[in-house]
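Numbering (this note's numbering), first residue to last: 88 to 213.
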């Protein structure tokens, strides 16, 4: 799906997404990644939802977001609370949703000026 542009060109904005990847500012990515509004996206070494560990969430925590939007793939899934304990202790919310909803929600929060982290799980294609 292609998304409409807004006045957020200086930020990392989701400009398109599909089941195989995501575009940020019209640059395509087909691997899991962490996205914050004001910095370049970074690879996130998660190949599937079941592989999530506390270390993956520690990588998110190091970016000091106010809220985390976790894209869990093609369908919405929920992480075990023990994986997000460090984030929860610092009062950082973690919202789980499918990747399409995560991309839309990230764009809205980013456009509002929130310090949001988008963590997308994009499974490698066989």
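All C-beta atoms, glycine included, are put in the ideal place defined by N, C-alpha and C. Predicted model, so just to flag it, every value in this text is computed and none were measured.
Let's see if you can read the secondary structure: which residues bound the beta strand (DSSP E) around residue i?
i: residue 191; result: Segment 186–198 is the alpha helix (DSSP H) holding residue 191; no beta strand (DSSP E) there.
i: residue 207; result: 203–207
i: residue 110; result: 108–111
i: residue 160; result: Element bounds for residue 160: n/a, residue is neither H nor E.
i: residue 115; result: 114–116
On a CA-only basis, which of the options is nearest residue i? Give me that one, please.
i: residue 112; options: 121, 190, 102; result: 102
i: residue 201; options: 140, 123, 167, 141; result: 123
i: residue 129; options: 211, 206, 167, 162; result: 206
i: residue 137; options: 116, 165, 126; result: 165
i: residue 97; options: 115, 125, 110; result: 125
i: residue 154; options: 169, 121, 208, 133; result: 121
i: residue 173; options: 197, 199, 144; result: 144
Could you check what DSSP says for residue i in three-state terms: helix, strand or coil?
i: residue 211; result: coil
i: residue 103; result: strand
i: residue 98; result: coil
i: residue 134; result: coil
i: residue 93; result: Per-residue confidence for residue 93 stands at a pLDDT of 49, beneath the threshold of 50, marking its modelled position as unreliable; the derived number appears in the next sentence. Correct three-state label for residue 93: coil.
I need the boundaries of the alpha helix (DSSP H) containing residue i, first residue and last residue.
i: residue 170; result: Neither: residue 170 is in no alpha helix (DSSP H) and is coded neither H nor E.
i: residue 144; result: 141–148
Just confirm the distance between the C-beta atoms of residue i and residue j, as a whole number of angstroms; I'd bet it's less than 8 Å.
i: residue 210; j: residue 135; result: 6 Å
i: residue 100; j: residue 107; result: Between residue 107 and residue 100 the Cβ distance is about 19 Å, and since that is not below 8 Å, they are no contact.
i: residue 133; j: residue 208; result: 5 Å
i: residue 141; j: residue 170; result: 6 Å
i: residue 152; j: residue 204; result: 4 Å
Margin query: Closer than 8 Å is the cut-off here; do at least three beta carbon pairs connect the segment 153–163 with the segment 173–187?
Written below: Under the 8 Å Cβ criterion, the segment 153–163 counts as touching the segment 173–187, having at least three qualifying pairs.
Margin query: Three or more C-beta pairs under 8 Å: does that hold for the segment 138–153 against the segment 171–183?
Written below: Contact between the segment 138–153 and the segment 171–183 is present, because at least three Cβ pairs lie under 8 Å.
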